[in-house]
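Asker: Quick one: the structure is below, questions incoming.
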Amino acid sequence: MDLLELMKKRRSIRSYTSEDISEENLDKILSAGLLSASGRAIRPWELIVVRNQDTLRKMADSRDHGAKMLEGANAAVIVIADETKTDVWTEDCSIVMANMHLMASSLGVGSCWIQGRLRKSAGGDSTEEYLRKLLGFPENYKLEATLSLGMPENVPEPRETAKELWKKVHREVY
2 MDLLELMKKR RSIRSYTSED ISEENLDKIL SAGLLSASGR AIRPWELIVV
52 RNQDTLRKMA DSRDHGAKML EGANAAVIVI ADETKTDVWT EDCSIVMANM
102 HLMASSLGVG SCWIQGRLRK SAGGDSTEEY LRKLLGFPEN YKLEATLSLG
152 MPENVPEPRE TAKELWKKVH REVY
């Protein structure tokens, strides 16, 4: 499958079966993140992998809405970065997330990007503070997002590039 076909196939998956993701596939997903491009090759990110079901259930409250799929996930990858290393840490972390999202899809693993930066937890703290307390990452590390992972309960149809989206392409000038 070429990359464009994979991108059409990749969808956010929020419902998972009880089937485990193999360690081999999880390592491939993590490798895709670690191989990501970053500004000046600084690679400010760190990845926290969670497979413990009790922790995943607690992580479902890391957002006031939009994180409940973690209750049924088989794993999650939290992407954080040392903001003192570069001013483009959010962009660098976004590339990591996108690469892991695509790799998961290529392996038949469902995934969903759960935005964390600038979001609130169910209890009112920031999502970052909630996860920092739960997972123990240092103060100088900032949260970008969490990638939930699990074997998909349903696989949606691939998308096509809609004709109206092509109106967003401008050549030479706006």
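The numbers in the working numbering rise by one with no breaks, and the one at position 65 of the sequence shown is 66. All C-beta atoms, glycine included, are put in the ideal place defined by N, C-alpha and C.
Would you kindly work out how many angstroms separate the C-alpha atoms of Val50 and Pro139, rounded to a whole number?
Answerer: 16 Å
Asker: With a cut-off of 8 Å, does the C-beta of Ser112 fall near any C-beta of chain B?
Answerer: The displayed structure is made up of one protein chain only, and chain B is not part of it.
Asker: What are the boundary residues of the alpha helix (DSSP H) that includes Ile96?
Answerer: For Ile96, the uninterrupted alpha helix (DSSP H) segment begins and ends at Trp90 to Ser107.
Asker: Can you tell me which residues form a DSSP beta bridge with Val50?
Answerer: Val78
Asker: Considering only residues of the same chain and omitting the five flanking positions on each side of Ser16, which have a CB-CB separation below 6 Å?
Answerer: Glu154
Asker: My output table needs one value for Ala146: the three-state DSSP class, helix, strand or coil.
Answerer: Shown here, Ala146 sits in a strand according to DSSP, grouped into three states.
Asker: Should Ile115 be counted as a contact of the ligand FAD given a C-beta to heavy atom distance under 7 Å?
Answerer: Although the ligand FAD was asked about, the structure shown includes no ligands whatsoever.
Asker: Please confirm whether Val110 and Asn26 have their CB atoms less than 8 Å apart.
Answerer: In this structure, Asn26 lies closer than 8 Å to Val110 by Cβ.
Asker: Which of helix, strand or coil does DSSP assign to Ser1?
Answerer: Residue coverage of the chain in this structure runs from 2 to 175, which leaves residue 1 outside it and unanswerable.
Asker: How long is the line joining the alpha carbons of Trp106 and Glu158, rounded to whole angstroms?
Answerer: One detail in the question is off: residue 106 reads as Ser in this sequence, not Trp. Using only the alpha carbons, I get a separation of about 13 Å.
Asker: Mapping DSSP to helix, strand and coil, what is Tyr131?
Answerer: helix
Asker: Give the straight-line distance between the Cα atoms of Asp65 and Ser37, rounded to the nearest whole angstrom.
Answerer: 30 Å
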